[in-house]
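Undergrad:
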Amino acid sequence: MAEISNYKVAASPHKLDNSDTRRVMLDVLIALLPCLVCGVVFFGLYAFLLVFLTTLTCFVSEQLYNLIRKKPFTFDLSALVTGVILGLNLPPRAPWYLAVIGGVFAIIIVKMLFGGLGKNFANPAATARVFLLLAYSSSMLQYIGADVGGNILSTDIVTAPTYLSGGVSALQGSFWGVSGFGGYALQLLFGVVGGSIGETCKVAVLAGGVYLCARKVIDWRIPVVYLLTSATFFLFYYQSAEEMVLQLLSGGLMFGAVFMATDYATSPKWKYNRVLYAIGLGLITGVIRCFGSYPEGTSLAILFMNLLVPVMDKYILPVRFGQLTKVGKPKPQVMKWTMRIVSLVLVLAIAAGSLAFCLRPRTYEYILDARREEGAYVVEIGGTFNIGGWPQEREYTVTVDEKSMTISDIVAVKENQYGYLAELSLFIGKTRHEVATLSNLSTDSEFSATVSNTALRDMLVECFDYIQREMEGN
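Residue numbers (the numbering used here): 4 to 477.
1) If you draw a straight line from the C-alpha of LEU52 to the C-alpha of GLU396, how long is it?
2) Quick one: any contact between the region 285-296 and the region 118-130, if contact means 3 or more CB pairs under 8 Å?
3) Helix or strand or just coil, what does DSSP make of LEU120?
4) If you count every other CB in all the chains shown that lies within 10 Å of the CB of LYS74, and 16 or more means buried, which is it?
5) May I ask you to verify whether the region 231-239 touches the region 181-191, counting CB pairs closer than 8 Å and requiring at least 3?
6) Quick one: grab the DSSP three-state call for PRO226.
7) Reducing DSSP to helix, strand and coil, say where TRP393 ends up.
8) Where ILE88 and THR387 are concerned, what is the direct C-alpha to C-alpha distance, given to the nearest angstrom?
9) I'd like to confirm the pairing. Which residues does DSSP put opposite PHE178 in its beta bridges?
10) Taking its Cβ as the centre, do 16 or more other Cβ atoms sit within 10 Å of LYS417, making it buried, or is it exposed?
11) Where does ARG375 sit, in a helix, a strand or coil, going by DSSP?
12) CA-CA distance, LYS122 and ASN69?
13) Below 9 Å between beta carbons: does that hold for LEU120 and THR77?
14) Would you grab the beta carbon distance between PHE117 and PHE134 for me? Rounded to a whole angstrom, and I think it's under 8 Å.
15) What does the Cβ neighbour count give for THR366, buried or exposed, with the cut at 16 atoms within 10 Å?
16) Going by DSSP, what residues sit across from ASP412 in a beta bridge?
17) Taking ARG26 as the reference, which of VAL43, CYS204, LEU80, GLU383 has the closest Cα?
18) Tell whether a beta-carbon distance below 9 Å holds between ASN276 and MET315.
19) On the CB-based measure, 16 or more other CB atoms within 10 Å of its CB, does PRO313 come out buried or exposed?
20) Return the CA-CA distance between PHE45 and GLY194, expressed in angstroms with no decimal places.
21) Please state the DSSP three-state secondary structure of THR366.
22) Specify, as a first and last residue, the run of the alpha helix (DSSP H) that PHE62 falls within.
23) Evaluate TYR469 with the Cβ neighbour count: other Cβ atoms within 10 Å of its Cβ, from every protein chain shown; 16 or more gives buried, anything less gives exposed.
24) Does DSSP classify ILE147 as helix, strand or coil?
25) Please check the pair GLY197 and TYR139, which I expect to be a contact at CB under 8 Å, by giving their CB distance rounded to whole angstroms.
26) What residue does the alpha helix (DSSP H) around ARG132 start on, and which one ends it?
27) When you compare the CB positions of ALA207 and GLY201, do they come within less than 9 Å of one another, or not?
28) Reducing DSSP to helix, strand and coil, say where GLY153 ends up.
29) Name the one or two DSSP bridge partners that GLY385 has.
30) Output the distance between the C-alpha atoms of LEU463 and VAL382, rounded to the nearest integer angstrom.
31) Return the first residue and the last residue of the alpha helix (DSSP H) that ASN276 is part of.
32) Determine the closest residue to LEU48 out of GLU437, SER302, PHE307, ARG96, with distance taken between C-alpha atoms.
33) Are there 16 or more other CB atoms within 10 angstroms of the CB of ARG292, so buried, or fewer, so exposed?
34) Provide the residue span of the alpha helix (DSSP H) that contains VAL261, from first to last.
35) CA-CA distance, SER448 and LEU144?
36) Can you grab the Cα-Cα spacing for the pair ALA304 / LEU429, in whole Å?
Shown next, in the form of structure tokens:
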């Protein structure tokens with residue numbers, strides 16, 4: 004056992020067959036092709052030029068570093084993989100210099116200064132994206148809508164919100180004749196939305212993921228457990244299966260789960276640690292999205308968990324065959340059974356939440372009346388709330404724009420005449436997601452109160468749910 008305990012593991016990447024690093028990286032490049040093609044189709048030729056420039060910068064940076072340090076040139080394709088992934092993480096109309104700065108940072112700072120392939124402390128593409136977000140946040144958050152068949156040579160910036168920043172107002176009212184939740188999900192699935200170059204088309208991402216799993220290039224546990232954990236978090240936070248699906252299909256969650264979280268050099272060596280690693284990714288992503296000021300948390304989650312991987316691989320070890328305890332008994336397979344229990348709890352949590360959502364009674368506490376007018380839903384809401392120490396009745400007429408699903412008007416029908424009024428302007432122009440996550444409900448107005456605003460927020464969330472479940476598509 005002493006010989007085994009002193010066994011040293013070489014730097015990543017680790018493979019159990021005879022495939023070399025270049026073959027693995029070539030498979031990753033092939034898997035990235037669908038995302039690149041969809042990015043060019045949706046966002047134009049400038050998007051391709053950004054990816055090409057990022058890839059070229061990464062390759063040249065690595066060779067120049069080797070030249071300066073008098074090391075042999077490397078042609079293992081890892082720099083190309085980093086460049087393509089980073090390029091696909093850029094906004095479609097990002098300034099060209101962001102591609103250069105990001106590429107240099109990813110290769111020189113994150114990869115080569117720490118010893119090169121397999122010795123970097125974090126995923127170079129994810130770390131470079133976080134760096135660009137911190138240093139050039141305004142440019143990194145300027146997205147455009149998908150424009151199939153538009154001017155592919157255009158570099159004009161006509162900004163458009165993403166689902167994470169603008170809710171359903173960032174989506175079309177219907178897609179392929181399907182309206183409501185189905186239409187929103189289809190748009191996010193096929194990528195006809197605003198976002199980074201390679202992250203929008205989830206069909207392309209899934210195709211690449213299936214290819215990599217079939218080629219046994221990545222461990223399926225990481226993306227699957229990552230997405231399941233995120234789904235569980237979103238389901239319990241939003242209490243909505245529809246919102247859970249839209250959250251999974253939005254942003255760079257799937258792209259990061261398939262192409263960045265599975266990086267050989269920065270993911271755990273042992274399969275049980277990979278499950279823990281993926282659970283941590285899902286939890287951190289959910290916390291950042293739901294409680295943070297930044298709507299997307301994938302790259303930050305990957306960077307944070309990458310920093311914990313060395314600790315996990317050192318202290319959470321699998322039981323070796325024949326390993327004994329100090330008293331000479333076979334060492335129990337604690338990690339194996341722990342992972343089985345964690346996986347079972349995760350599956351049961353998702354199943355229980357989904358079942359509870361599907362079987363919930365369709366009762367509404369605040370809906371008084373509802374009708375559909377031309378281009379809008381008009382809903383009468385009301386209820387009794389304990390405000391200022393005594394019960395007060397509140398009634399409002401809410402108009403929701405049918406196309407953007409945002410509140411266009413709120414009229415107070417019944418409010419307390421002695422004050423404690425809700426500040427209606429806080430909610431005008433907002434989507435359900437924006438209303439539900441509105442936390443700063445304090446007011447400087449002399450005649451309004453935070454409690455009244457909170458009561459109105461709860462009624463408006465139910466108003467949106469009623470429209471989505473009972474009125475859309477009718």
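Think of the CB as a built atom: it goes at the ideal place given N, C-alpha and C, for glycine as much as any other residue.
TA: Working from what's here:
1) Position 49 of the sequence shown, counted from the start, is the residue given in the question as residue 52. Position 393 of the sequence shown, counted from the start, is the residue given in the question as residue 396. Roughly 59 Å between the two C-alpha positions.
2) no
3) Reading the sequence shown from its first residue, position 117 is the one you call residue 120. DSSP places LEU120 in coil when its eight states are reduced to three.
4) Mapped onto the sequence shown, residue 74 falls at position 71. Classification for LYS74: exposed.
5) No contact exists between the region 231-239 and the region 181-191.
6) The sequence position of residue 226 within the sequence shown is 223, counting from 1. Here PRO226 sits in helix by DSSP.
7) Within the sequence shown, the letter at position 390 stands for residue 393. Per DSSP, reduced to three states, the secondary structure at TRP393 is strand.
8) Mapped onto the sequence shown, residue 88 falls at position 85. Mapped onto the sequence shown, residue 387 falls at position 384. Roughly 53 Å between the two C-alpha positions.
9) Against the sequence shown, residue 178 aligns to sequence position 175. The partner list for PHE178 (beta bridge, DSSP) reads VAL181.
10) In the sequence shown, residue 417 corresponds to position 414, counting from 1. Exposed: under 16 other Cβ atoms inside 10 Å.
11) As a position in the sequence shown, residue 375 is number 372, starting the count at 1. Strand, per DSSP.
12) As a first step, residue 122 is located in the sequence shown; it is residue number 119 there, counting from the start. As a first step, residue 69 is located in the sequence shown; it is residue number 66 there, counting from the start. Rounded to the nearest angstrom, the two C-alpha atoms are 15 Å apart.
13) Locating residue 120 in the sequence shown gives position 117, where the first residue counts as 1. Locating residue 77 in the sequence shown gives position 74, where the first residue counts as 1. Taking 9 Å as the Cβ cut-off, LEU120 and THR77 qualify as a contacting pair.
14) Position 114 of the sequence shown, counting from 1, holds the residue named residue 117. Position 131 of the sequence shown, counting from 1, holds the residue named residue 134. 15 Å between Cβ atoms; not a contact.
15) The residue given as residue 366 occupies position 363 in the sequence shown. THR366 is exposed by the Cβ-count criterion.
16) Along the sequence shown, one-based indexing puts residue 412 at 409. Answer is THR402.
17) Residue 26 sits at position 23 when you count from the first residue of the sequence shown. The residue with the shortest Cα to Cα distance from ARG26 is LEU80.
18) Position 273 of the sequence shown, counted from the start, is the residue given in the question as residue 276. Position 312 of the sequence shown, counted from the start, is the residue given in the question as residue 315. ASN276 is a Cβ neighbour of MET315, given a cutoff of 9 Å.
19) The residue given as residue 313 occupies position 310 in the sequence shown. Exposed: under 16 other Cβ atoms inside 10 Å.
20) The residue labelled residue 45 in the question sits at position 42 within the sequence shown. The residue labelled residue 194 in the question sits at position 191 within the sequence shown. About 8 Å.
21) For the purposes of this step, residue 366 is identified with residue 363 of the sequence shown, where counting begins at 1. THR366: coil per DSSP, three-state reduction.
22) What you label residue 62 is simply residue 59 of the sequence shown in a count that begins at 1. Counting along the chain, the alpha helix (DSSP H) containing PHE62 begins and ends at 48-71.
23) Counted from its first residue, the sequence shown places residue 469 at position 466. So TYR469 counts as buried.
24) Mapped onto the sequence shown, residue 147 falls at position 144. Note: ILE147 maps to strand in three-state DSSP.
25) Position 194 of the sequence shown, counted from the first residue, corresponds to residue 197. Position 136 of the sequence shown, counted from the first residue, corresponds to residue 139. Not a contact, Cβ separation roughly 18 Å.
26) The residue you call residue 132 lines up with position 129 of the sequence shown. Per DSSP, ARG132 belongs to the alpha helix (DSSP H) from 127-138.
27) On the sequence shown, residue 207 is found 204 positions in, with the first residue counted as 1. On the sequence shown, residue 201 is found 198 positions in, with the first residue counted as 1. Cβ atoms of ALA207 and GLY201: closer than 9 Å.
28) By one-based count along the sequence shown, residue 153 stands at place 150. Confidence at GLY153 is low in this model, with a pLDDT of 47, below 50, so its placement is unreliable and the value that follows should be read with caution. Three-state DSSP puts GLY153 in coil, outside helix and strand.
29) Position 382 of the sequence shown, counted from the start, is the residue given in the question as residue 385. According to DSSP, which records beta bridges pairwise, GLY385 is partnered with GLU398.
30) As a first step, residue 463 is located in the sequence shown; it is residue number 460 there, counting from the start. As a first step, residue 382 is located in the sequence shown; it is residue number 379 there, counting from the start. Approximately 10 Å between the Cα atoms of the pair.
31) Working through the sequence shown from its first residue, we reach residue 276 at position 273. ASN276 -> alpha helix (DSSP H) spans 274-294.
32) Looking up residue 48 in the sequence shown gives position 45. Of the listed residues, the one whose Cα sits closest to LEU48 is ARG96.
33) Walking along the sequence shown from the start, residue 292 turns up at place 289. When all chains shown are included, ARG292 counts as buried.
34) The sequence position of residue 261 within the sequence shown is 258, counting from 1. No alpha helix (DSSP H) holds VAL261; DSSP gives it neither H nor E.
35) Residue 448 sits at position 445 when you count from the first residue of the sequence shown. Residue 144 sits at position 141 when you count from the first residue of the sequence shown. Caution is warranted here: a pLDDT of 48 is assigned to SER448, below 50, making its placement in the model unreliable, and the coordinate value is therefore given only provisionally. Their backbone Cα atoms lie some 32 Å apart in a straight line.
36) As a first step, residue 304 is located in the sequence shown; it is residue number 301 there, counting from the start. As a first step, residue 429 is located in the sequence shown; it is residue number 426 there, counting from the start. C-alpha separation (whole angstroms): 31 Å.
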